[in-house]
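Novice:
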Amino acid sequence: MAKRVRVRAPELVGAGGWLNTGGRELSLADLRGRIAILDFWTFCCINCLHVIDELRELEEKHRDTVVVIGVHSPKFVHEADHAAVVDAVERYGVHHPVLDDPELATWKQYAVRAWPTLVVIDPEGYVVAQHAGEGHVHAIEKLVAELAAEHAAKGTLRRGEGPYVPPEPEPTDLRFPGKALVLPTGNVLVSDTTRHQLVELEPDGETVVRRVGDGERGLVDGPAGKARFSEPQGLALLPDGRVVVADTVNHALRAYDPAGGEVSTLAGTGRQWWQGSPVSGPAREVDLSSPWDVAWWADRLWIAMAGVHQLWAYDPAAGTVSVAAGTTNEGLVDGPAGEAWFAQPSGLAADGERLWVADSETSALRWVERDGGGDEGDGDGFTVRTAVGTGLFDFGHRDGPAAQALLQHPLGVTVLPDGSVAVCDTYNHALRRYDPATGEVATLATDLREPSGAVLAGDDILVVESARHRLTRLRLPEEAVRVEAVAHRTRREATEVAPGRLRLDVVFQAPPGQKLDVRYGPATRLLVSATPPELLADGAGQGTELTRELVLADTLGGGAAEGVLHVSAMAASCDDDPDVEYPACHVHQQDWGVPVRVTPDGAARLPLVLAGLDGEEAREAE
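Using the numbering used here, you'd call the opening residue of the sequence shown number 424 and step up by one each time.
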């Protein structure tokens, strides 16, 4: 076995304390003898949620040797609220200890630069691997097997039950509901996300009529009492009267027939879409990625495909799905639908002329409109525009002209009778309103706990208060609520870099037993851009090498240059066994948004770990 680079693991520190431990404070000493996997996550991040799901099988399979520790490291201000972290741990079914690190203390000690990041610590307390992004569990499982064998032979492996203590369940009719829909009968259908069900309520929004799904996580079609979902979210009516369900963690679209009670699968395979997978074709044969909301518009069912930062469309007549807008790059870029960038679109609402989009990670309200040309099925013929929002790292609660207004991670949109748009401003606990006629943003209501969707019910609006586990009925006010303006930037500190040339190194080491897959050309890809674009004097664009020399501007607008470097890296690896005719192959991919500030004493090198350990940093730590 090749000698493995090891770095002593820093202590686990977080001002918010520990969750899922029965009140016990954990330290690295408590984990000695076990293989520890630190999962640096934040609950707004769809890729982080993917990793939580990826880890479930590994946790169960190696429960006597592996301890997964979630290190919650907030991006948004709301995510630093301890109560919100407690909610998120239950909402997403996190069944391992979680350290609440609102000040990013442990994040900084481990030099983490991206959500999600996985760090593997061996039974003697040394860091042996780091992986940014998702799709690394296969590699980590091989490493776990190696470490278990190595430390069992040394006598340094300790088997047994881990420190996880589940919280007591709460008896509520709904548990972290996601979206709502008024049925033709007047009843209200709600996606009861954490309980993996749909719940039909009477028009009062409170009295339970029936439940759809047996409450267990799964992908099962059939009668309402036997069907299974996995964290369902968005709901929309098809012209034939069936309800489409965005079955988010199953990466599928399901259909529920309110008349007969049957559940079926419309689109998706149950597998998550990865780069290189088909982007169109028969709906049941194409992989999807965390569909979060759905809406009928332009003779198609539009899908907010949060997992790949795109909008897709389902054509029930043809039985096909295809990409309708977005490139999979994460950010805020307007223009032709095929060139636009989104960031975790999570809410959709149609008004005839426009499809409104809650683009959560850019804290933006955006829309899609027809432009009169091209084949609508392939994403041409539509244009994407932004009403409110500027990018990934600016957010807050500010009313007024849309160009200056701020939201914080909105998840829902609803078209109001006067043509304005209500926005469920989730992390501001508010219902906001954008008026296209005046270009003004106002606040309709506050003190809503993580509103995630809303639906009109007569003269009222029913708001899904996800973290209060209920629907709240509001009379649409004639006047806005006065709210003191607050503006925020991400809690991450900017990385100080030297003026002039900056060496960007994306660190990638193929997992044990694998090698780079060069059978069909280069196995790696690197895409670099910046916000503002003027920050990069040279080095932007796409290439195949994971190392690139960038040139940064010294000043911007008369002041010190600062902004965000957007880096997207991909590497493909395959099993390195000449006796296997069809080796298993894997794609490793991560997008980074790195806030940077140009200073005379800044670093001349920016390392971003995709997989493995950064050799230069490891040598400095020894």
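C-beta atoms are modelled at their ideal positions from N, C-alpha and C, and glycine is treated no differently.
Run through the DSSP bridge pairs and tell me what H1009 is partnered with.
Specialist: The partner list for H1009 (beta bridge, DSSP) reads S996.
Novice: Relative to the C-alpha of H1011, which candidate in P607, D644, Q553 has its C-alpha closest?
Specialist: The residue with the shortest Cα to Cα distance from H1011 is Q553.
Novice: Can you tell me which of V489, A760, R536 puts its alpha carbon nearest to the alpha carbon of D1014?
Specialist: It is R536.
Novice: Got a sec? Which residues, its chain only, sit under 6 Å from V500 by beta carbon, not counting five neighbours each side?
Specialist: The answer, listed in chain order, is H911.
Novice: Does V430 come out as helix, strand or coil in the three-state DSSP assignment?
Specialist: Note: V430 maps to strand in three-state DSSP.
Novice: Straight-line CA distance for D798 to G440?
Specialist: At D798 the pLDDT is 43, less than 50, meaning the model places this residue with poor confidence and gives no usable figure here.
Novice: For W764, which residues does DSSP report across the bridge?
Specialist: According to DSSP, which records beta bridges pairwise, W764 is partnered with V756.
Novice: Which residue's Cα is closest to the Cα of A534: G516, Y515, S496?
Specialist: The option with the nearest alpha carbon to A534 is S496.
Novice: Let me confirm a value: A659 is counted as buried when at least 16 other C-beta atoms fall within 10 Å, else exposed. Which label applies?
Specialist: Buried, because 16 or more other Cβ atoms sit within 10 Å of the Cβ of A659.
Novice: Along the chain, where does the beta strand (DSSP E) containing A865 start, and where does it finish?
Specialist: It spans 863-868 - the beta strand (DSSP E) in which A865 sits, taken as one unbroken run.
Novice: Compare the Cα-Cα distances from T743 to each of E513, P701, G730 and report the closest residue.
Specialist: Of the listed residues, the one whose Cα sits closest to T743 is P701.
Novice: So what's T692 in DSSP terms, helix, strand or just coil?
Specialist: Coil at T692, not helix or strand.
Novice: Which residues does DSSP list as the beta-bridge partners of A459?
Specialist: Partner(s): V490, I544.
Novice: At which residue ranges does the segment 798-857 contain complete beta strand (DSSP E) runs of 3 or more residues, listed in the order of the chain?
Specialist: Counting only runs of 3 or more, we get 805-811, 817-820, 835-838, 844-848.
Novice: Flag this pair as yes or no: are the beta carbons of D453 and V491 separated by less than 8 Å?
Specialist: Not closer than 8 Å, so no.
Novice: Quick check: the Cα distance between Y587 and V508, rounded to an integer number of angstroms?
Specialist: Going by the C-alpha atoms only, they are around 16 Å apart.
Novice: Enumerate, from N- to C-terminal direction, the unbroken alpha helix (DSSP H) stretches of 4 or more residues contained entirely within the segment 949-991.
Specialist: Counting whole runs of 4 or more residues, the segment 949-991 contains no alpha helix (DSSP H) stretch at all.
Novice: Please classify L660: does DSSP put it in a helix, a strand, or coil?
Specialist: Three-state DSSP puts L660 in a strand.
Novice: Look at the alpha carbon of D1024 and the alpha carbon of I469, and state the distance between them as a whole number of angstroms.
Specialist: For D1024 and I469, the distance between alpha carbons rounds to 35 Å.
Novice: Nearest-angstrom Cα distance between T866 and W779?
Specialist: C-alpha separation (whole angstroms): 18 Å.
Novice: With contact counted as at least three CB pairs below 8 Å, one residue from each stretch, are the segment 825-836 and the segment 765-783 in contact?
Specialist: Result yes; three or more Cβ-Cβ pairs closer than 8 Å.
Novice: Start and end of the beta strand (DSSP E) containing Q932?
Specialist: First-last for Q932: undefined, no H or E at that position.
Novice: I need the straight-line Cα distance from A747 to A741, nearest angstrom please.
Specialist: Computed Cα separation, rounded: 15 Å.
Novice: L899 to R633, Cα distance in whole Å?
Specialist: Taking the straight line joining both Cα atoms gives about 29 Å.
Novice: CB A963 to CB L975, shorter than 8 Å?
Specialist: Contact flag unset, no.
Novice: For Q827, which residues of its own chain have a beta-carbon under 8 Å away from its beta-carbon, when the five flanking residues on both sides are left out?
Specialist: Cβ neighbours of Q827 beyond the five flanking positions: R821.
Novice: If distances are taken between C-alpha atoms only, which option among R640, G445, Y515 comes closest to S889?
Specialist: When only C-alpha atoms are compared, the closest one is Y515.
Novice: Just to confirm my understanding: we take E526, look at its own chain, exclude 5 residues before and 5 after, and list those with CB closer than 7 Å. What are they?
Specialist: For E526, where only same-chain residues beyond five positions count, the Cβ hits under 7 Å are A438.
Novice: Tell me whether K938 sits in a helix, a strand or coil according to DSSP, three-state version.
Specialist: In the structure shown, K938 sits in a strand (DSSP, three-state: E or B).
Novice: DSSP on S889, reduced to helix/strand/coil?
Specialist: If DSSP states are grouped into helix, strand and coil, S889 belongs with the helices.
Novice: Between V672 and E654, what straight-line distance do the alpha-carbon atoms span, to the nearest angstrom?
Specialist: Roughly 6 Å separates the two Cα atoms.
Novice: DSSP has A603 in a bridge; who is on the other side?
Specialist: DSSP lists V613 as partners of A603.
Novice: Expressed to the nearest angstrom, what Euclidean distance is found between the alpha-carbon atoms of V542 and S712?
Specialist: Going from the Cα of V542 to the Cα of S712 covers about 24 Å.
Novice: Sorted by chain position, which residues of the same chain lie with C-beta nearer than 7 Å to A718's C-beta, five sequence neighbours on each side aside?
Specialist: The residues are A659, W725, L771, A772, A773, L778.
Novice: I think V686 touches D722, with their Cβ atoms under 8 Å apart; what is that distance to the nearest whole Å?
Specialist: Actually they are not in contact, since the Cβ atoms of V686 and D722 sit about 25 Å apart, beyond 8 Å.
Novice: DSSP has H485 in a bridge; who is on the other side?
Specialist: DSSP lists no partner for H485.
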